[in-house]
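**Student:**
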Amino acid sequence: MKKTLYLILLLSVLAACRQHEPAVSLVAESQISTQVQLSNDAVVQAYRDKKSNIFVEGSGVVKKLLPEDDNGLRHQKFLVKISDEQTLLFAHNIDLTPAIPLAVGDTIQFRGEYVYNPKGGIVHWTHRDPQGKIEGGWIKHKGTTYN
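Taking mature numbering (1 follows the signal peptide of the UniProt record, and there is no 0), I'd label the letters of the sequence shown as residues -18 to -1, 1 to 129.
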């Protein structure tokens, strides 16, 4: 009888713990989503103000992979959606840093130089400065930083 009582108690505790698990995950996802939105404020403001040549940081979701640009320095090109209203074109120099194994739907974080255009803007300089004069930029993807 005691074993049955302990077993019922144990199963009740486990069931209660299991019910609370999804709520914790939803809170974490909500907080991450808010942080992503906040981190793009400088990019959104630069677009609204039509500013160029400023370093920005943010994050977004890869929407399209484009052919590499092989004219002069080689660049990996792709589109990243950072908000419902804005998509950025990335030109990531793969002569200075490795290409990123991206797929549509991947989330990235970035630091780079923003250049205004009416389609949402371009982010380049997502690599270290080979001369060491400025901080440079980076792209983070699945735990790896490319700079």
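Glycine included, C-beta positions come from ideal geometry on N, C-alpha and C.
#1: Within 10 angstroms of the Cβ of R30, are there 16 or more other Cβ atoms? Answer buried if so, exposed if not.
#2: Among the residues of its own chain, which have a CB less than 8 angstroms from the CB of N129, if the five just before and after it don't count?
#3: Could you pull out every residue in the same chain whose Cβ sits closer than 7 angstroms to the Cβ of V6, ignoring the five residues on either side in sequence?
#4: Report the rounded CA-to-CA distance for I116 versus N35, giving the unit in angstroms.
#5: Could you give the residue range of the alpha helix (DSSP H) that holds Q91?
#6: If you draw a straight line from the alpha carbon of L47 to that of N75, how long is it in whole angstroms?
#7: Thinking C-alpha only, which one of K32, D66, F60 is nearest P83?
#8: If you reduce the DSSP assignment to three classes, tell me which class L20 lands in.
**Tutor:** By the coordinates alone:
#1: With fewer than 16 other Cβ atoms within 10 Å, it is exposed.
#2: Here the set comprises T79, T108, H109, R110, G118, G119, W120, I121.
#3: Its pLDDT being 29, under 50, V6 is placed unreliably by the model, and nothing is read from it.
#4: Rounded to whole angstroms, I116 to N35 spans 13 angstroms at the Cα level.
#5: No alpha helix (DSSP H) contains Q91, which is instead part of the beta strand (DSSP E) from 89 to 97.
#6: Answer to the nearest angstrom: the Cα atoms are 15 angstroms apart.
#7: Nearest option by C-alpha distance: F60.
#8: Because the pLDDT of L20 is 40, which lies under 50, any placement of that residue in the model is unreliable, and the question is left without a value.
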